[in-house]
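S.K.:
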Amino acid sequence: HPFQTIASRKYDAHLLDSITYGIDGGEKGIKLAKNIVKALGGKSVIIPSAKRQLYHISGVFASNYLLALMSLTDGILSEFETDIKARRIMLLAIVERSLKNYFSGDFKNKITGPIARGDQETVLNHINCLKKYDKDLLNLYKGFGAVIQKKITAKNSKAQSEIKKLLK
8 HPFQTIASRK YDAHLLDSIT YGIDGGEKGI KLAKNIVKAL GGKSVIIPSA KRQLYHISGV
68 FASNYLLALM SLTDGILSEF ETDIKARRIM LLAIVERSLK NYFSGDFKNK ITGPIARGDQ
128 ETVLNHINCL KKYDKDLLNL YKGFGAVIQK KITAKNSKAQ SEIKKLLK
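So the sequence shown is residues 8 to 175, counted in our numbering.
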């Protein structure tokens with residue numbers, strides 16, 4: 008299974024070159040699959056059958072849910088920037104930098120924003136704004152905030168404790 012997103016039936020076959028493929032099966036099947044992956048210039052990772060769904064879910068998060076997040080973000084930006092090209096430029100800049108940050112170091116040292124800073128007031132302001140704007144986005148905000156909080160090292164444990172309460 009290629010760890011790749013292919014959005015169109017008229018895809019470029021080169022999208023399958025030099026990527027990672029999840030493989031599982033019996034010994035002979037795995038050996039054959041590894042040879043095919045090698046011929047494509049790719050890398051293989053053996054996925055135990057019991058973990059196959061987790062492998063697929065990781066792809067859903069990395070592709071589909073990332074696009075959903077981008078679409079939601081674009082919708083928020085459209086509240087004050089009507090030019091879609093201008094919004095895409097705004098989004099591309101922050102997303103490119105965020106991806107570079109993620110892939111260039113430890114998550115704990117690259118995450119930014121009010122939760123990482125222990126800024127309770129801003130988190131509360133965001134929550135109050137989203138209560139009025141969109142309750143589904145509020146739930147996502149709280150969910151992603153909880154993930155961030157679990158991953159970072161709290162610089163101010165009292166502030167982080169208060170933020171944790173806000174995110175519930």
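Don't be surprised by glycine CBs; every beta carbon is placed ideally from N, CA and C.
Since the structure is predicted, the reported quantities are computational estimates derived from the model, not experimental observations.
#1: With distances taken between CB atoms, is the gap from A44 to Y62 smaller than 8 Å?
#2: Is the segment 69-77 touching the segment 38-57 in the sense that three or more CB pairs, one from each, lie closer than 8 Å?
#3: Count the CB pairs spanning the segment 95-111 and the segment 129-147 that are closer than 8 Å, and state whether there are at least three.
#4: Bridge partners of G29, per DSSP?
#5: Tell me which residues share the same chain as I26 and place their Cβ nearer than 7 Å to its Cβ, disregarding the 5 neighbours each side in the sequence.
#6: Apply the 10 Å Cβ neighbour rule to I2 and answer buried if 16 or more other Cβ atoms are within range, or exposed otherwise.
#7: Using a beta-carbon distance below 8 Å, is K41 in contact with chain C?
#8: Expressed to the nearest angstrom, what Euclidean distance is found between the alpha-carbon atoms of N108 and K138?
#9: Assuming I159 and V130 make a contact with CB atoms under 8 Å, what is their CB distance in whole Å?
#10: Do you know offhand how far I30's Cα is from I54's?
#11: Under 8 Å, do A123 and I155 count as touching if we go by C-beta distance?
M.R.: In brief:
#1: Per the sequence presented here, residue 44 reads as Val, with Ala not at that position. The beta carbons of V44 and Y62 sit no closer together than 8 Å.
#2: With the cut-off at 8 Å, the segment 38-57 and the segment 69-77 do not touch.
#3: no
#4: V52
#5: P9, F10, Q11 and G49
#6: The chain is shown only over 8 to 175; residue 2 falls outside these bounds and no answer can be derived.
#7: Included in the structure is just one protein chain, with no chain C present.
#8: 30 Å
#9: Actually they do not touch by this definition, with Cβ atoms about 13 Å apart.
#10: Near 6 Å, if we compare the C-alpha coordinates of I54 and I30.
#11: yes
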